[in-house]
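Chemist: From first to last, the protein sequence lines stand for chains A and B.
To convert, take the position in the first sequence, counting from 1, and add 53; that gives my numbering.
To convert, take the position in the second sequence, counting from 1, and add 53; that gives my numbering.
2 protein chains.
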Amino acid sequence: MTYDDVLSEIVVKTPARIVLFVIDGVGGLPMETGGPTELEAADTPHLDALAQRSICGMMDPLAPGITPGSGPAHLALFGYDPFRKSVGRGVLAALGIGFDLHPSDVAVRINFATINEKGVITDRRAGRIPTAKNEQLCTLLQLLVLPEVELFVRSVREHRAVAIFRGEGLSGRVTDSDPQQSGLAPHDVAPVVGEEQNPAAQKMARTANNFVREARRILSDHAPANFILLRGFDQYTPMPSMRERYKLDCAAIAVYPMYRGVARLAGMEILPTGETVVDEVRTLVRHFETFTFFFVHVKKTDAAGEDGDFKRKVNAIEEVDRILPEVLSAEPDVLAITGDHSTPALLKAHSWHPVPFLLHSRYCRPDPAKRFSESECVRRGGLGRFPASQVMPLVLAHALKLKKYGA
Amino acid sequence: MTYDDVLSEIVVKTPARIVLFVIDGVGGLPMETGGPTELEAADTPHLDALAQRSICGMMDPLAPGITPGSGPAHLALFGYDPFRKSVGRGVLAALGIGFDLHPSDVAVRINFATINEKGVITDRRAGRIPTAKNEQLCTLLQLLVLPEVELFVRSVREHRAVAIFRGEGLSGRVTDSDPQQSGLAPHDVAPVVGEEQNPAAQKMARTANNFVREARRILSDHAPANFILLRGFDQYTPMPSMRERYKLDCAAIAVYPMYRGVARLAGMEILPTGETVVDEVRTLVRHFETFTFFFVHVKKTDAAGEDGDFKRKVNAIEEVDRILPEVLSAEPDVLAITGDHSTPALLKAHSWHPVPFLLHSRYCRPDPAKRFSESECVRRGGLGRFPASQVMPLVLAHALKLKKYGA
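In structure tokens:
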């Protein structure tokens, strides 16, 4: 038996409630040698007081040295093996907007973009067109009829949309059309290396190129959104849900579609919420009786880190700290606070650095950590250093949802 | 090659002596927030002095979050993969009393119990009958003749006994008759789910139900011990011994049959001893020249934890501390002190929490840990956090029994 098999065997359904509070990209780095990280610079009295009553540690998102995308990082937090199957952006985006994907549908992310008369991409985001314009263009694209497949085009927001292809004999193993930088011509979609002879990949590539050509024709009068770029083709394969695996009734509270998507992939119910972390926490409190597991996702920290804005990331952390008492007022049996990965403002990108982790429960063994920060979690964290794949076993155990294994 | 393969290849036989001293369930929790754990509350001058000359750490019994039974927890300490095969209570009990199990024997734990005229269990332990009465009843049951199998019935102690079934085509994959609470009728023994069509499981179920029926007839005049309950059917499969794997001559010193059983499973010789930890340590000293590996098991700490008796667990820890100088007087080359798991009085049960670990040897790299306690082993333990499966490699290495690997 594997660790996973054992967990499935010993897990029991109880009313105890677990909150997994993910502050996206919360781990950071000093901007100059000897300086504080974003967490260390932030004034976080509530997080620090909680750390003193909790057990802390440092979590590796996937494995040491690996910088994760948001998909694998969240899957690992939810207890799935992120190396087994990488889930493409298309599937995450489609699930994220609540599209009812069928098994074997192929989904892909669309960027509305600007192309010039020479066929060169001049803006990969079409000047970040307003969402209303995006919706209008998606309605136009939805009128397209493609041979042999059913097409669904759905708006996400700004320049982002998603296309879903439904039909017999399709494969998601095809390349992106998005060249990833402006000043280049778009690529043709083609089967990935090794799949050149696979008729399903050939059919998908043919269909996608057809779609791009037809879209260009339809959008020609809609500059700057006169073209589409496709990336992250993936075929949807349902995974065993967290309800099946852990006997949990799971709810996700996330503002951004991407995180709703990965939560849907894990079988969570998506709770409608507002635009701020305050809205999210109020949603949590309002639905607290209805579920036994809550995934709460805070985006602002990661966005500030990606922009290289140290101060804005500090502010976003402080905003989380201010709302923490409302989370605690719900009295979850287990509250775990961490990030899905680090996004140091210094790097302006996701990074591989381990992430501070805090677990509060009546049955945690407290440690001497006095703050929720990288240095305290490293030096005084009782959990030591551990991979994200151990988060679900830890929170389930502390909620007393795991029976004894063996006589 | 796996880690295990490498160990087998590089291990050498030397006279160096290793003592693995297991204080069952020694890890604990504070009874109230901010309070001490059992180890922290105990006055342990000898353990603390030893910790200052040793390397310490925190050991995960099986894997983070998993609460182990005693069987898997000890197998992991002895270097066996506890997830590969879970060993049933029947086999552990039979080995524990020194019964010479043959490969493919099926063994099961017996509880003498009280059943009323309506066929309802009124006491699952028959008022904890004296061991002498138990022995008399086992002699009666041994007279039973069952078709197609040879039956052995052996007394353990109080209400506990064990039955061994020997014969062609038996399987241990059958359910318990013990309903696990009084006020219910006993269950019929049946093949486990998925084994319904397995003739060996069918034969075992038929045999067991026959045995229960005949036992009830024979015991009808022996109330309160007028019935038997069966649990933990398992078929004995020998494992490679610690002598084969590690070139060690192993001895076990344990008061309780269960722990003798798991030690026998690993191929250890069981040394007769008395009832107390003082008796056990004297047994160790007396046989110190004859073996190169000693497993010493202390039960009282776990029993006190299971009863939720914080003070009694503290006392049991202090009792171990007082006898520690006698252990040291034998001058083992490596002395490792730990538990098989935590049993916090707060939880009145085994738990998943990591266990303090101490290793003393001429060749350990000391760390700044000043006490043998959870907080010191976490904060200042040089071994960090590691799984029990690494204990054997660590003690073998520190005994200089592992050659260099590779050129």
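Where is the CB? At the ideal position from N, CA and C, for every residue including glycine.
Applying a beta-carbon distance threshold of less than 9 Å, which residues of chain A neighbour Ser-428(B)?
Modeler: Annotation: Cβ neighbours of Ser-428(B) in chain A (cutoff 9 Å, chain order): Arg-418, Pro-419, Asp-420, Pro-421 and Gly-435.
Chemist: Run through DSSP, which three-state label would Gly-361(B) get?
Modeler: coil
Chemist: With a 10 Å radius around its C-beta and 16 neighbouring C-beta atoms as the bar for buried, classify Gln-195(B) as buried or exposed.
Modeler: exposed
Chemist: Quick check for students: name the residue ranges of the beta strand (DSSP E) that lie wholly in the region 260 to 303 of chain A, counting only runs of 3 or more.
Modeler: 280 to 288
Chemist: Indicate whether at least one CB of chain B lies closer than 8 Å to the CB of Tyr-289(A).
Modeler: no
Chemist: Do you know whose CA, among Ala-116(B), Leu-100(B) and Pro-397(B), lies nearest Cys-109(B)'s CA?
Modeler: The shortest C-alpha separation from Cys-109(B) is found at Leu-100(B).
Chemist: Quick test of your reading: Leu-92(B) and Val-444(B), contact by CB under 8 Å. State the CB separation rounded to the nearest angstrom.
Modeler: Here Leu-92(B) is actually not in contact with Val-444(B); their C-beta atoms are around 19 Å apart, not less than 8 Å.
Chemist: Between which two residues does the alpha helix (DSSP H) harbouring Ala-461(A) extend?
Modeler: The question about residue 461(A) has no answer, for chain A in this structure spans 54 to 460.
Chemist: Taking Leu-399(B) as the reference, which of Gly-81(B), Ile-76(B) and Val-64(B) has the closest Cα?
Modeler: Gly-81(B)
Chemist: Out of Pro-310(B), Leu-436(B) and Pro-446(B), state which residue places its alpha-carbon closest to the alpha-carbon of Val-209(B).
Modeler: Pro-310(B)
Chemist: At a cut of 8 Å, does the region 362 to 371 of chain B reach the region 389 to 398 of chain A through at least three beta carbon pairs?
Modeler: The region 362 to 371 of chain B vs the region 389 to 398 of chain A: no contact.
Chemist: Please classify Asn-187(B): does DSSP put it in a helix, a strand, or coil?
Modeler: Residue state, collapsed to three classes: helix.
Chemist: For Ala-166(A), report the span of its beta strand (DSSP E) as first-last.
Modeler: Unbroken beta strand (DSSP E) run through Ala-166(A): 159 to 168.
Chemist: Taking only beta-carbon positions, decide if Met-295(A) is within less than 8 Å of chain B.
Modeler: no
Chemist: Do Val-330(B) and Val-351(B) have their CB atoms nearer than 8 Å?
Modeler: yes
Chemist: Who are the near neighbours of Pro-421(A) in its chain, counting only those whose CB is closer than 6 Å to its CB and skipping five residues on each side?
Modeler: Closer than 6 Å at Cβ, skipping near neighbours: Arg-433.
Chemist: Is it true that the region 271 to 284 of chain A meets the region 171 to 191 of chain A, where meeting means three or more beta-carbon pairs spaced less than 8 Å apart?
Modeler: yes
Chemist: Which chain B residues are close to Arg-106(A), counting only those with a beta carbon under 7 Å from its beta carbon?
Modeler: Thr-86
Chemist: Work out the CA separation of Asp-287(A) and Gly-285(B) for me, nearest whole Å.
Modeler: 47 Å
Chemist: Would you call Ser-123(B) buried or exposed, if buried means 16 or more other Cβ atoms sit within 10 Å of its Cβ?
Modeler: When all chains shown are included, Ser-123(B) counts as buried.
Chemist: Where do the ends of the beta strand (DSSP E) carrying Glu-203(B) lie?
Modeler: According to the DSSP assignment, Glu-203(B) belongs to the beta strand (DSSP E) that extends over 203 to 210.
Chemist: Taking only beta-carbon positions, decide if Pro-117(A) is within less than 8 Å of chain B.
Modeler: With 8 Å as the cut-off, Pro-117(A) does not count as an interface residue toward chain B.
Chemist: Is the CB-CB distance between Arg-207(B) and Val-215(B) below 8 Å?
Modeler: Val-215(B) sits close to Arg-207(B), with the two beta carbons spaced by under 8 Å.
Chemist: Work out the CA separation of Leu-436(A) and Val-338(A) for me, nearest whole Å.
Modeler: Taken atom to atom, the span from the alpha-carbon of Val-338(A) to that of Leu-436(A) is near 28 Å.
Chemist: Quick one: what does DSSP say His-451(A) is sitting in, helix, strand or coil?
Modeler: helix
Chemist: Any C-beta of chain A within less than 7 Å: which residues of the region 137 to 158 of chain B qualify?
Modeler: The region 137 to 158 of chain B vs chain A, Cβ under 7 Å: Ser-139, Gly-141, Arg-142 and Leu-145.
Chemist: List in chain order: all unbroken alpha helix (DSSP H) runs of 4+ residues lying wholly within the region 77 to 126 of chain B.
Modeler: DSSP runs (the alpha helix (DSSP H)) wholly in the region 77 to 126 of chain B: 91 to 94 and 98 to 105.
Chemist: Is the beta carbon of Ser-224(B) less than 8 Å from the beta carbon of Ala-185(B)?
Modeler: no
Chemist: Per the contact definition of three or more C-beta pairs closer than 8 Å, is the region 309 to 327 of chain B in contact with the region 137 to 154 of chain B?
Modeler: Between the region 137 to 154 of chain B and the region 309 to 327 of chain B, the count of Cβ pairs shorter than 8 Å is three or higher; the stretches touch.
Chemist: Closer than 7 Å between beta carbons: that is the criterion. Which residues of the region 441 to 453 of chain A meet it against chain B?
Modeler: Gln-443, Pro-446, Leu-447, Leu-449 and Ala-450
Chemist: Nearest CA to the CA of Ala-126(A): which residue from His-403(A), Lys-171(A) and His-451(A)?
Modeler: His-403(A)
Chemist: List the residues of chain B whose Cβ lies closer than 9 Å to the Cβ of Met-54(A), in chain order.
Modeler: Phe-136, Arg-137, Lys-138 and Ser-139
Chemist: Per DSSP, which one or two residues make a beta bridge with Ser-404(B)?
Modeler: Ser-395(B)
Chemist: Might you give, ordered along the chain, the residues of its own chain that have their beta carbon closer than 8 Å to the beta carbon of Ala-304(A), omitting 5 neighbours on each side?
Modeler: Met-321, Glu-322, Ile-323, Leu-324, His-340, Thr-343, Phe-344, Phe-346, Phe-347 and Phe-348
Chemist: So, does the CB of Phe-264(A) fall closer than 8 Å to a CB anywhere in chain B?
Modeler: no
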